[in-house]
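Under the working numbering, the first residue of the sequence shown carries the number 12, and numbering increases by one thereafter.
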Amino acid sequence: VRLESLGGLLFVNLDPDAPPIQTLAPGFEEDLQSLVPQFNSLRPMDTFAFDSPESADWSANWKVVVDNYVECYHCHQAHPALADLMEMTSYEHEVQEHWARQVSRTTRTDNKAYRFDASDDVQIAAYWYLWPTTSIWLVPGDANLFVLSMMPNGHERTAFSGHRYGLSESVDAERSEYLNAILGPEDQSLCESVQQGLKSRSYNQGRFMVDAAKSGVAEHGVHQFHRLVMDALQV
């Protein structure tokens with residue numbers, strides 16, 4: 012079993028002949044370090060898997076879940092509090108071969124999601140995706156990082172597991188409540204609804220939302236993910 016480190020995170024690979032993760036994801040570690048305050052000082056605080064066992068196991072295929080994660084076109088409608096926290100006009104997409112990152116460099120301390128202070132370590136919101144199943148979040152407030160795996164648990168279920176990283180074991184209760192009890196269930200409802208919709212006889216493929224500026228309405232990350240799936244399946 013191969014064990015590799017990338018950005019201080021350990022990855023297991025059961026394929027001894029697979030390319031090294033550093034080769035697959037060039038620039039990923041540097042991007043994390045450039046955006047995450049006190050990156051090298053963060054340490055695991057506790058496990059993180061949303062609010063309950065039910066919310067850590069969704070009735071949706073893992074590809075539906077990743078589709079939902081790698082774009083924010085749906086945020087205004089589906090996550091109104093999150094869209095109020097982030098300045099969506101400053102939203103950016105960065106798409107590389109095996110990883111992608113979304114970032115809002117402008118956020119509002121006075122917002123509908125949770126309160127944080129202008130003096131806190133983290134003032135941006137950033138979301139990384141590393142092929143195939145790793146998501147990493149950075150959200151405004153005290154120094155933090157959330158690393159979550161989105162693992163297939165059957166062809167219509169996805170299980171979540173991960174850790175919260177920080178400098179202190181104390182938990183921002185308001186932020187935790189928003190992430191666990193509001194944002195997570197909002198995305199769960201979306202993904203499970205899409206999974207049901209895929210079974211509809213009226214379902215047909217749609218078009219990708221394209222924006223040359225790779226703004227918050229762009230689906231460049233979704234297109235990249237679909238291409239990676241097709242390459243992996245050799246179709």
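We treat Cβ as the ideally placed atom computed from N, Cα and C, and that holds for glycine.
Tell me the residue span of the alpha helix (DSSP H) that contains residue i.
i: Ile135; result: Unbroken run through Ile135: none, as it is neither H nor E.
i: Leu43; result: 39-46
i: Leu96; result: 91-96
Determine the extent of the beta strand (DSSP E) in which residue i is found, giving its start and end residues.
i: Tyr102; result: 102-106
i: Phe127; result: Per DSSP, Phe127 belongs to no beta strand (DSSP E) and is neither H nor E.
i: Phe236; result: Note, Phe236: premise wrong, no beta strand (DSSP E); alpha helix (DSSP H) at 231-244.
i: Leu35; result: Taken as a continuous stretch (DSSP letters only), Leu35 belongs to no beta strand (DSSP E), being part of the alpha helix (DSSP H) at 32-35.
With DSSP as the reference, label residue i as helix, strand or coil.
i: Ser187; result: helix
i: Ser181; result: coil
i: Thr145; result: strand
i: Arg212; result: coil
i: Ser115; result: strand
i: Asp78; result: helix
i: Val12; result: coil
i: Leu17; result: strand
i: Asp198; result: helix
Can you tell me which residues form a DSSP beta bridge with residue i?
i: His174; result: Thr58, Val158
i: Gly152; result: Val133
i: Trp110; result: Leu141
i: Phe22; result: Glu15
i: Trp69; result: Thr169
i: Pro27; result: Beta-bridge pairing links Pro27 to no other residue.
Give the C-beta separation of residue i and residue j to the nearest angstrom, bearing in mind that I take them to be a contact with Cβ-Cβ under 8 Å.
i: Tyr80; j: Ser226; result: Going by Cβ atoms, the distance from Tyr80 to Ser226 rounds to 17 Å, so no, they are not a contact pair.
i: Leu14; j: Val23; result: 6 Å
i: Leu141; j: Phe39; result: 7 Å
i: Arg175; j: Trp139; result: So it is not a contact: roughly 15 Å between Cβ atoms.
Distance, Cα to Cα, residue i vs residue j?
i: Val182; j: Gly208; result: 37 Å
i: Glu98; j: Ser115; result: 6 Å
i: Ala67; j: Tyr84; result: 24 Å
i: Lys123; j: Ala92; result: 5 Å
i: Asp247; j: Val228; result: Beyond the ends of the chain as shown, which are 12 and 246, falls residue 247; an answer cannot be given.
i: Asp153; j: Arg238; result: 36 Å
i: Glu167; j: Trp73; result: 8 Å
i: Arg186; j: Leu96; result: 12 Å
i: Asp222; j: Ile135; result: 22 Å
i: Phe50; j: Ser70; result: 34 Å
i: Gly195; j: Val76; result: 12 Å
i: Glu203; j: Gly177; result: 31 Å
i: Ala89; j: Asp78; result: 15 Å
i: Arg218; j: Glu180; result: 44 Å
i: Ser20; j: Arg212; result: Note that residue 20 is Leu in the sequence shown, not Ser. If I take the Cα positions, the gap works out to 43 Å.
i: Asp242; j: Asp198; result: 27 Å
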